[in-house]
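Count along the sequence shown starting at 1, add 8, and that's the number in the working numbering.
Accompanying notes for the structure given below.
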Amino acid sequence: MLLPTPQPSDKPMPRHHLSSPARLEAFSDGVIAVIITIMVLELKVPRQEGVAGLYSVLPTLAIYAISFAFTGIYWINHHHLVHRTEEADELVLYANLFFLFWLSLLPFFTSYVLEKKLDSFSVFLYIASMIFTGFSFLLLRLSIARRLRIANKLEAEDTSVQRKNQLSLFVYLVALFLAFSHPHLALGLCAFVTIIWITPTVGVKPTEDLDNTHFNRD
Numbered sequence: 009m010l011l012p013t014p015q016p017s018d019k020p021m022p023r024h025h026l027s028s029p030a031r032l033e034a035f036s037d038g039v040i041a042v043i044i045t046i047m048v049l050e051l052k053v054p055r056q057e058g059v060a061g062l063y064s065v066l067p068t069l070a071i072y073a074i075s076f077a078f079t080g081i082y083w084i085n086h087h088h089l090v091h092r093t094e095e096a097d098e099l100v101l102y103a104n105l106f107f108l109f110w111l112s113l114l115p116f117f118t119s120y121v122l123e124k125k126l127d128s129f130s131v132f133l134y135i136a137s138m139i140f141t142g143f144s145f146l147l148l149r150l151s152i153a154r155r156l157r158i159a160n161k162l163e164a165e166d167t168s169v170q171r172k173n174q175l176s177l178f179v180y181l182v183a184l185f186l187a188f189s190h191p192h193l194a195l196g197l198c199a200f201v202t203i204i205w206i207t208p209t210v211g212v213k214p215t216e217d218l219d220n221t222h223f224n225r226d
């Protein structure tokens with residue numbers, strides 16, 4: 009009995025281990041939305057009446073504002089970064105999970121620093137979690153730059169981002185040491201780092217987007 013000879017197919021071979029960045033972004037958006045929701049649930053109405061009651065929760069509102077801005081700005085930068093690539097390999101997916109892991113711990117450390125009344129050790133841990141989150145986002149940026157380089161689509165890597173990363177790391181380390189002597193000043197430095205990242209800066213630029221005004225704004 010003769011078996012039929014398989015005919016060659018004109019369909020392109022599937023690209024294994026590659027995922028759509030849209031799927032990665034949708035998953036990340038969901039996780040970040042949950043993170044913000046968990047943080048806002050920690051806000052409690054003060055028992056005291058009037059201005060005195062609001063004054064008593066000012067530290068809570070301040071820490072929540074820092075954590076919310078920190079998370080929101082990372083969400084914006086993540087959005088711009090993911091849009092740089094048309095495909096995500098396993099390294100990008102794992103780097104993204106690593107970033108989300110550290111970011112998802114922020115509600116815990118936010119609650120912890122408030123529970124401990126902003127003592128030195130709790131502020132130290134709070135800042136340390138921010139450092140690890142920033143480091144994990146840097147790894148995600150590098151993994152996407154690597155993916156673009158492999159696909160021959162990486163035109164340029166913005167060196168200003170490296171300086172921005174170095175400045176952020178330096179300020180965070182200063183804040184980390186100040187946490188034991190001046191915890192409130194240390195938190196102020198963290199707020200400063202969050203502010204300088206308001207403008208999305210991701211540091212990788214695909215070839216086909218060099219003339220695209222959407223990316224030139226970054």
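Note that CB positions come from ideal geometry on N, CA and C, so glycine has one too.
Coil, strand or helix - residue i by DSSP
i	result
Ser189	coil
Leu27	Note that residue 27 is Ser in the sequence shown, not Leu. Residue state, collapsed to three classes: strand.
Leu126	coil
Thr221	The pLDDT assigned to Thr221 is 39, lower than 50, so where the model puts this residue is not dependable; a value taken from the coordinates is nonetheless given after this. In the structure shown, Thr221 sits in a helix (DSSP, three-state: H, G or I).
His88	helix
Arg157	helix
Ile206	coil
Lys19	Only weak support is given to the placement of Lys19: the predicted model assigns it a pLDDT of 45, under 50, and the value that follows is read from those uncertain coordinates. The answer is coil: DSSP assigns Lys19 none of H, G, I, E or B.
Glu94	coil
Glu6	There is simply no residue 6 to check, as the chain begins at 9 and stops at 226 in what is shown.
Leu51	coil
Asp226	No answer about Asp226 holds up, because its pLDDT of 42 lies below 50 and its placement is not dependable.
Ile46	helix
Host alpha helix (DSSP H) of residue i (start-end)
i	result
Leu111	Glu98 to Ser112
Leu62	Gly58 to Ser64
Beta-carbon spacing of residue i, residue j below 9 angstroms
i	j	result
Pro29	His91	yes
Asp97	Ser27	yes
Ala77	Ile203	yes
Leu89	Leu69	no
Val81	Thr118	A quick correction: the sequence has Ile, not Val, at residue 81. Contact: no.
Tyr180	Leu195	no
Thr79	Leu133	no
Ser189	Gly142	no
Ala227	Ile40	Past the boundaries of the shown model lies residue 227; the chain is included only from 9 to 226, so the question cannot be answered.
Ala103	Leu150	yes
Val125	Pro67	It is Lys, not Val, that sits at residue 125 in the sequence shown. The answer is yes: Cβ separation under 9 angstroms.
Ile152	Thr93	yes
Of the listed residues the options, nearest to residue i (C-alpha basis)
i	options	result
Leu156	Ile135, Leu99, Tyr63 and Ile81	Leu99
Leu186	Leu177, Ala153, Ser137 and Val131	Val131
Leu49	Arg31, Phe116, Leu197 and Val169	Phe116
Phe107	Ala183, Ile43, Phe200 and Ala194	Ile43
Asn173	His87, Ile158, Ser144 and Ala194	Ser144
Leu36	Phe200, His87 and Gln56	First, the amino acid is wrong: residue 36 is Ser here, not Leu. Of Phe200, His87 and Gln56, the residue nearest in Cα terms is His87.
Phe109	Ser137, Leu122 and Glu94	Ser137
Leu122	Ala34, Met47, Arg31 and Val201	Met47
Gly38	Val201, Leu111 and Gly58	Leu111
Thr207	Trp83, Tyr63 and Gly58	Trp83
Ala34	Val201, Leu101, Leu147 and Phe178	Leu101
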